[in-house]
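Take the sequence shown: its position 8, counting from 1, is numbered 8 in UniProt numbering, and each next residue is one higher.
Virtual Cβ for every residue (Gly too), placed ideally from N, Cα, C.
Below is one structure, written out as structure tokens; comments come after it.
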Amino acid sequence: MATAAPDISLTPSAAARVAAIASRQNKPAILRLAVDGGGCSGFQYKFELADTPAADDIAVETDGVRLVVDSVSLDLVRGASVDYVESLGGAAFRVTNPQAASGCGCGSSFSI
């Protein structure tokens, strides 16, 4: 597993939310971000708690919480920031991806 500070970031707000969820589920505070084909714009973000990082994962840490991204997905989210936002429409993890040419209204799908 490699550590790459400038490739992707996890905000303190997102780190706090991951820590709270992981604590409730008795899991390590490791958030996996992956990119899958599909969604209304071509690609979609997928989040899940991970038990351990994989050998090819890139990892960053914020406030004791790790964000891990596999090397294939990293090419599609390089330079992105993962945040946790709460609004009248609900609460969700949000990816601000400088590589995304367009996205959808739900914020979980994008195109390059």
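{"query": "Where Thr52 falls, given that 16 or more other Cβ within 10 Å makes a residue buried", "result": "exposed"}
{"query": "Collapsed DSSP secondary structure at Leu88 in the structure displayed", "result": "coil"}
{"query": "Asp75 (DSSP reduced to helix, strand or coil)", "result": "helix"}
{"query": "Own chain partners of Gln99 with C-beta closer than 8 angstroms, once the 5 adjacent residues on each side are dropped", "result": "Leu76, Val77, Arg78, Gly79, Ala80 and Ile112"}
{"query": "Run of the alpha helix (DSSP H) containing Ala19, from where it starts to where it stops", "result": "Pro12 to Arg24"}
{"query": "Cβ distance (whole Å) where Asp56 is taken to contact Gln44 below 8 angstroms", "result": "Between Gln44 and Asp56 the Cβ distance is about 21 angstroms, and since that is not below 8 angstroms, they are no contact."}
{"query": "Alpha-carbon to alpha-carbon, Ala59 and Val69", "result": "7 angstroms"}
{"query": "Integer-rounded CB distance, given that Arg24 should sit under 8 angstroms from Glu48", "result": "The Cβ separation is near 15 angstroms, so there is no contact."}
{"query": "Endpoints, beta strand (DSSP E) assigned at Gln44", "result": "Phe43 to Leu49"}
{"query": "Integer-rounded CB distance, given that Ala34 should sit under 8 angstroms from Ser73", "result": "5 angstroms"}
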